[in-house]
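Asker: Protein chains in written order, with the numbering used here: chain A, 18 to 151; chain B, 18 to 151; chain C, 18 to 151.
Ideal Cβ positions, reconstructed from N, Cα and C, are used throughout, including at glycine.
One structure coming up, written as structure tokens, with questions to follow.
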């Protein structure tokens, strides 16, 4: 198994495109296999999405509708509504498995991989990539 | 890694059972390993579900409640509410990993694999299967 | 591929921490690779979550908001609102892939793996672990 660990600066951005980082790792390891993408964080997730046409903001805003940033949450430290961030990974998982074909990250034309991070208190995220060849 | 690519006609169907296609591939590759199931599309997802007892329609209808087909979405081309389809894959991922035991797709008695596709504008979908033996 | 099958008693608990079980299997198999975690059930899912700080109850309660236990569901056998349990796995998948580094389950400091089971009618669950080394 080959590994790479990346530091991603999300800052106040709720959706951060990491496709280029994954494609670069796939190219470097080469060959065929599975790429395991993982965030070792309890308040962030990974999603496949078309970016750049509004869906990134649509997703970020709709997360505020589905997981309201109000005082309903027991887990209530940090900024207001932060408990919502802690429930997010149950719906948008921090674990994602993709395929690599001959060093090429296998994605559809309109798919990008994004880091979903509604937690502005944590502007730096670690992204773990592992490749299992076959 | 062994691969198979399938064309699935979803038409206007929102939930399409693809279990037989996956089980057939598992049988053909034989052995033990992981089966990576992937949709290279930005408006569809994969789910494990009991089918044929109402839950398929329950899921499709409830997606309209959770992701309303109204004018809230920035991504607004195509048919009304189509922006909802672009947010769907963040919650119902187009990537799913299953196990194969000696050529048998490992599923529980009541589990089927379904393609979730609320986008009626796209009646044809590509399904990518990859098997990594172990 | 190495396998382990566990019986988990969830009882009336909606969130059950299974991290220790997974870490024990990772230790026993040793080496590097991918750990496939799977529930062969149609009314349960797996999530990565910080436990013990309120988010477990937050998630369980919020599932009742997102998937209300009322009479909207076609799939309507069993206890009231049971149809919601059958839709749950589309959003909280029963399939989860994790990484193992030299026999250590790769998780972040605040991450635990939980079995999400809103179906009190089924107090016993089977958990399937498979390890594919690399």
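(1) Between the beta-carbon of residue 103/A and the beta-carbon of residue 33/A, is there less than 8 Å?
(2) Name the DSSP bridge partner or partners of residue 55/B?
(3) Could you tell me the boundaries of the alpha helix (DSSP H) in which residue 44/A lies?
(4) Can you confirm whether the stretch 37 to 53 of chain B touches the stretch 116 to 128 of chain B when touching is taken to mean that 3 or more C-beta pairs between the two stretches lie within less than 8 Å?
(5) Looking at C-alpha atoms only, which residue of 140/B, 146/B, 130/B is the closest neighbour of residue 58/C?
(6) Let's test the definition: count the other Cβ atoms within 10 Å of the Cβ of residue 110/A and tell me whether it reaches 16, buried, or not, exposed.
(7) Between which two residues does the beta strand (DSSP E) holding residue 64/A run?
(8) Mind listing which residues of the stretch 95 to 113 of chain C have their C-beta closer than 7 Å to chain B's C-betas, in chain order?
(9) Which residues mark the beginning and the end of the beta strand (DSSP E) in which residue 23/B is found?
(10) Just the Cα atoms here: how many angstroms apart are residue 26/C and residue 38/C?
(11) Roughly how many angstroms separate the alpha carbons of residue 15/C and residue 45/A, rounded to a whole number?
(12) Can you give the Cα-Cα distance for residue 71/B and residue 141/A, rounded to whole angstroms?
(13) Check whether chain A comes within 8 Å of residue 142/B, counting only Cβ atoms and requiring the distance to be less than that.
(14) Can you give me the C-alpha to C-alpha distance between residue 145/C and residue 97/B, rounded to a whole angstrom?
(15) Does the distance from the CB of residue 139/A to the CB of residue 99/A come in under 8 Å?
(16) So, at 6 Å on beta carbons, what are the nonlocal neighbours of residue 148/C in its own chain, with the 5 sequence-adjacent residues on each side left out?
(17) From the DSSP output, in three-state form, read off residue 76/C for me.
(18) Work out the CA separation of residue 83/C and residue 83/A for me, nearest whole Å.
(19) What residues in the stretch 46 to 59 of chain B have a beta carbon less than 9 Å from any beta carbon of chain A?
(20) If we define contact as Cβ-Cβ less than 8 Å, is residue 120/C a contact residue for chain A?
(21) Measuring alpha carbon to alpha carbon, tell me which residue in 67/A, 101/A, 118/A is nearest residue 126/A.
(22) Would you give the residue range spanned by the beta strand (DSSP E) that residue 129/C belongs to?
(23) What residues from chain A crowd round residue 133/C, counting only those whose CB sits closer than 9 Å?
(24) Applying a beta-carbon distance threshold of less than 9 Å, which residues of chain C neighbour residue 43/B?
(25) Please confirm whether residue 154/C has its beta-carbon closer than 8 Å to some beta-carbon of chain B.
(26) Per DSSP, what kind of secondary structure is residue 33/C in: helix, strand or coil?
(27) Just checking: is the beta-carbon of residue 75/A within a distance shorter than 8 Å of some beta-carbon in chain B?
(28) Would a check of beta-carbon distances place residue 79/A closer than 8 Å to chain C?
(29) Under 6 Å Cβ to Cβ from residue 48/C, same chain only, skipping five residues before and after it: list those, please.
(30) Run down chain A in chain order and give the residues with a C-beta less than 9 Å from the C-beta of residue 9/B.
(31) Tell me the DSSP bridge mates of residue 150/B?
(32) If you measure from the beta carbon of residue 67/C to each beta carbon in chain A, is any gap under 8 Å?
(33) For residue 30/B, tell me which candidate among 73/B, 24/B, 23/B, 118/B has the shortest Cα-Cα distance.
(34) So is residue 87/C buried or exposed if we call it buried at 16+ other beta carbons inside 10 Å?
(35) In this structure, how does DSSP classify residue 102/B when only helix, strand and coil are distinguished?
Answerer: With the structure as the only source:
(1) Contact flag unset, no.
(2) Under DSSP, residue 55/B forms a beta bridge with 112/B, 145/B.
(3) Taken as a continuous stretch (DSSP letters only), the alpha helix (DSSP H) holding residue 44/A covers 36 to 46.
(4) Look at the beta carbons and you see the stretch 116 to 128 of chain B touching the stretch 37 to 53 of chain B: at least three pairs across the two are nearer than 8 Å.
(5) Proximity to residue 58/C across 140/B, 146/B, 130/B peaks at 130/B, based on C-alpha coordinates.
(6) The residue is buried, with at least 16 neighbouring Cβ atoms inside 10 Å.
(7) From DSSP, the beta strand (DSSP E) with residue 64/A extends over 62 to 66.
(8) Going along the stretch 95 to 113 of chain C in chain order, one finds 100, 103, 104, 106, 107, 108, 110, 111, 112 with a Cβ nearer than 7 Å to chain B.
(9) Unbroken beta strand (DSSP E) run through residue 23/B: 19 to 26.
(10) C-alpha separation (whole angstroms): 13 Å.
(11) Coverage of chain C is limited to positions 18 through 151, which leaves residue 15/C absent and any answer about it impossible.
(12) Rounded to whole angstroms, the separation of the alpha carbons of residue 141/A and residue 71/B is 44 Å.
(13) No, no contact with chain A.
(14) Approximately 42 Å between the Cα atoms of the pair.
(15) Taking 8 Å as the cut-off, the Cβ atoms of residue 139/A and residue 99/A do not count as close.
(16) In the same chain as residue 148/C, and ignoring 5 residues on each side of it, the C-beta atoms closer than 6 Å to its own belong to 19, 46, 50, 52, in chain order.
(17) Note: residue 76/C maps to helix in three-state DSSP.
(18) So the alpha carbons of these two residues sit roughly 7 Å apart.
(19) Shown in chain order are the members of the stretch 46 to 59 of chain B whose Cβ falls below 9 Å from a Cβ of chain A: 50, 51, 53, 55, 56, 57, 58, 59.
(20) Put simply, the CB of residue 120/C is far from chain A, with every gap to its CB atoms at 8 Å or more.
(21) Checking every option, the nearest Cα to that of residue 126/A belongs to 67/A.
(22) Secondary structure note for residue 129/C: its beta strand (DSSP E) is the uninterrupted segment 129 to 133.
(23) By Cβ distance, chain A contributes 107.
(24) What residue 43/B touches in chain C: nothing, since even the nearest Cβ is about 13 Å away.
(25) Here chain C covers residues 18 to 151 and nothing more, so residue 154/C does not appear.
(26) Residue 33/C carries a strand assignment under DSSP once its states are collapsed to helix, strand and coil.
(27) Interface residue, yes.
(28) Closer than 8 Å: no.
(29) The residues are 150.
(30) With chain B represented from 18 up to 151, any question about residue 9/B goes unanswered, as that position is not in the structure.
(31) Its beta-bridge partners are 50/B.
(32) Chain A contact via Cβ: present.
(33) Per the Cα distances, 73/B.
(34) By the 10 Å Cβ count, residue 87/C comes out exposed.
(35) It is helical.
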